[in-house]
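> Take a look at the following structure, please.
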Ligand code: NAD
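In the working numbering, the protein residues as written are 49 to 549.
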């Protein structure tokens, strides 16, 4: 347990992490059980009281100090991410950069978003002064995935801390080292608040223990299947739950779009990080007039890409060994169902790497179109018009992100308004994920709730409404002493006023 509570007894078990690229062992980490998780939560609870009592400016300064430490140690953090996930060093460094942007925004804006706010009163409450305040929840449990092991959980950790909470973080068992380093840097940069952020390590049972530990909210990022299990545990104690799950993001390309820009963005959105991005591009709907040309330009870009372990590789290996079989099933199934492989195919799967696969004409009910592939595979299907593209994009059980390529921002925004996705980028892919002020999250199998932005700060608070009576009302309606005639007069007055409009 980092951040760190001495163990009651020596750890009974440890687990080993391995390099996804070479299979070499990387490190040993303790398996934290229910007792240690509970202790971490108790410690975070004790530390949280002092943290919440700090002036907002002091919390901001301390969080910015942590950001500075992360920036100073960028290379070490990126190295750990690269080792654990297999992604190229440059991609890992960009993940740290994105995280710094978000942490900085949360630290700087928390006081403005969460400060006490006066609200107006009503006809019978004019004697009250009314305000609302966002108060920290207490201790937030964060369960994270492995694909962006720093950036993704920090969308909850950084915002929850900025809102005045303590945090216990359970990173993926594939990437515990990143979580451990994060908490170590916090302890060094934020002195005097030991235990406020603790990383506990282990697999599903450790996450399960966190869900049962009495945290005041659980922020989960991972697959919808696991989200259902964790949510069911949280239901037992009515623990609030936030779910950031998978996606099957669609890109719509209209006839007047800049095809070079679209092809470039589609290739990157689908293939970077080996396609292991929750809001990565998995489906493209291109109107018939430009479909063939778009396919040719995506293939042209994709065929120059090369997965590998070298620093200059385009992307790395599949981080989760089991995911390789899923990707293979989707590609094989798409071709068997009548889809055409324009680049690669079932033979592109050479564990732990998968070379780029570009498909077309894949039936909408094939797994490659309906399920999250989470690999470097993209299907570009032709559609008659934008209406059909919107219909198909929306006909998914996922609703996380989407993108539209067309001429003119206004036309793009009009198409965006018809999409069910939680976030839409016009003339770029994943643009929304890099803007800290924009909330991020989806619906249906993509989960619910929002991280990032003002909503992401409020997600880790509870609203308290307060009225302060300024003077005695001429007619005290909240008293048994109100004469019946007074009450009737009040009802007549209200009826007359409300009937007017
Ligand atoms: P996963 O569901 O296998 O695991 C996620 C986390 O849950 C891990 O830390 C795991 O140890 C833990 N866990 C597993 N079983 C548990 C249980 N019974 N109780 C408590 N915790 C448990 O997901 P993954 O493979 O780590 O991540 C990939 C998934 O995450 C993909 O579906 C991807 O789209 C999604 N994802 C979503 C976002 C987003 O913001 N929407 C971001 C990144 C990844």
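Quick reminder that beta carbons are idealized off the backbone N, C-alpha and C, glycines included.
Please give the ranges of any alpha helix (DSSP H) in the region 342 to 385, keeping only runs that are unbroken, at least 4 residues long and fully inside the region.
371 to 384
> Report yes or no: do three or more beta-carbon pairs, one from the region 424 to 431 and one from the region 317 to 326, lie closer than 8 angstroms?
yes
> For residue 164, is the classification buried or exposed, using 16 other Cβ atoms within 10 angstroms of its Cβ as the cut-off for buried?
If you number the chain shown from 1, residue 164 lands on position 116. Exposed.
> When DSSP labels each residue in this structure, what does residue 398 get in the three-state scheme?
For the purposes of this step, residue 398 is taken as residue 350 along the chain shown, with counting starting at 1. Of the three classes helix, strand and coil, the one that applies to residue 398 here is strand, per DSSP.
> At a cut-off of 7 angstroms, would you count residue 147 as near the ligand NAD, judging by its Cβ distance to the nearest heavy atom?
Counting from 1 along the chain shown, the entry for residue 147 is found at position 99. Residue 147: no, Cβ never under 7 angstroms from the ligand NAD.
> Compute the beta-carbon to beta-carbon distance between residue 225 and residue 130, rounded to the nearest angstrom, for a pair I have assumed lies under 8 angstroms.
Counting from one through the chain shown, the residue named residue 225 turns up at place 177. Counting from one through the chain shown, the residue named residue 130 turns up at place 82. Residue 225 to residue 130, Cβ: 11 angstroms. No contact.
> May I ask whether a heavy atom of the ligand NAD can be found less than 7 angstroms away from the beta carbon of residue 196?
As a working note, residue 196 is residue 148 in the chain shown. Indeed, a heavy atom of the ligand NAD lies less than 7 angstroms from the Cβ.
> Between 227, 216, 435, which has its C-alpha nearest residue 551's C-alpha?
This structure leaves residue 551 out entirely; the chain is present only between 49 and 549.
> According to the neighbour-count rule (16 or more other Cβ atoms, all chains shown, within 10 Å of its Cβ), is residue 546 buried or exposed?
Here residue 546 is taken as the residue at index 498 of the chain shown, counted from 1. Exposed, since its Cβ has fewer than 16 Cβ neighbours within 10 Å.
> Assuming the contact rule is C-beta atoms closer than 8 angstroms, residue 486 and residue 161 should be a hit. Round their C-beta distance to whole Å, please.
If you number the chain shown from 1, residue 486 lands on position 438. If you number the chain shown from 1, residue 161 lands on position 113. Between residue 161 and residue 486 the Cβ distance is about 14 angstroms, and since that is not below 8 angstroms, they are no contact.
> Would you check whether the ligand NAD has a heavy atom nearer than 7 angstroms to the C-beta of residue 368?
By 1-based counting over the chain shown, the position of residue 368 is 320. Answer for residue 368: yes, Cβ within range of the ligand NAD.
> If you scan the region 403 to 433 from start to end, which runs of the alpha helix (DSSP H) of 4 or more residues do you find wholly inside it?
415 to 418
> Relative to the alpha-carbon of residue 516, which residue among 491, 169, 295, 490 has its alpha-carbon at the smallest distance?
Reading the chain shown from its first residue, position 468 is the one you call residue 516. The candidate whose alpha carbon is nearest that of residue 516 is 169.
> Compute every distance between the C-beta of residue 484 and the non-hydrogen atoms of the ligand NAD, then say whether any falls below 7 angstroms.
For the purposes of this step, residue 484 is taken as residue 436 along the chain shown, with counting starting at 1. No, Cβ of residue 484 sits at least 7 angstroms from all heavy atoms of the ligand NAD.
> Near residue 335, what residues of its chain come up, given a Cβ to Cβ distance below 8 angstroms and the 5 sequence neighbours on each side ignored?
For the purposes of this step, residue 335 is taken as the residue at position 287 of the chain shown. Result list for residue 335: 301, 302, 303, 430, 431, 432, 433, 434, 437, in chain order.
> Leaving out the 5 sequence neighbours to the left and right, which residues in its chain are closer than 6 angstroms to residue 85 when beta-carbon positions are compared?
As a position in the chain shown, residue 85 is number 37, starting the count at 1. Result list for residue 85: 248, 257, 258, 261, in chain order.
> Are at least three pairs of beta-carbons, each pair with one atom in the region 193 to 202 and one in the region 122 to 139, less than 8 angstroms apart?
yes
> Residues in the same chain with beta-carbon distance under 8 angstroms from residue 518, minus the five sequence neighbours each way, listed in chain order, please.
Mapped onto the chain shown, residue 518 falls at position 470. If we look at residue 518 and ignore the five residues flanking it on each side, its Cβ neighbours are 175, 176, 177.
> Pick from 460, 449, 61: whose alpha carbon is nearest that of residue 250?
The residue given as residue 250 occupies position 202 in the chain shown. Per the Cα distances, 61.
> According to DSSP, is residue 484 helix, strand or coil?
The residue labelled residue 484 in the question sits at position 436 within the chain shown. Three-state DSSP puts residue 484 in coil, outside helix and strand.
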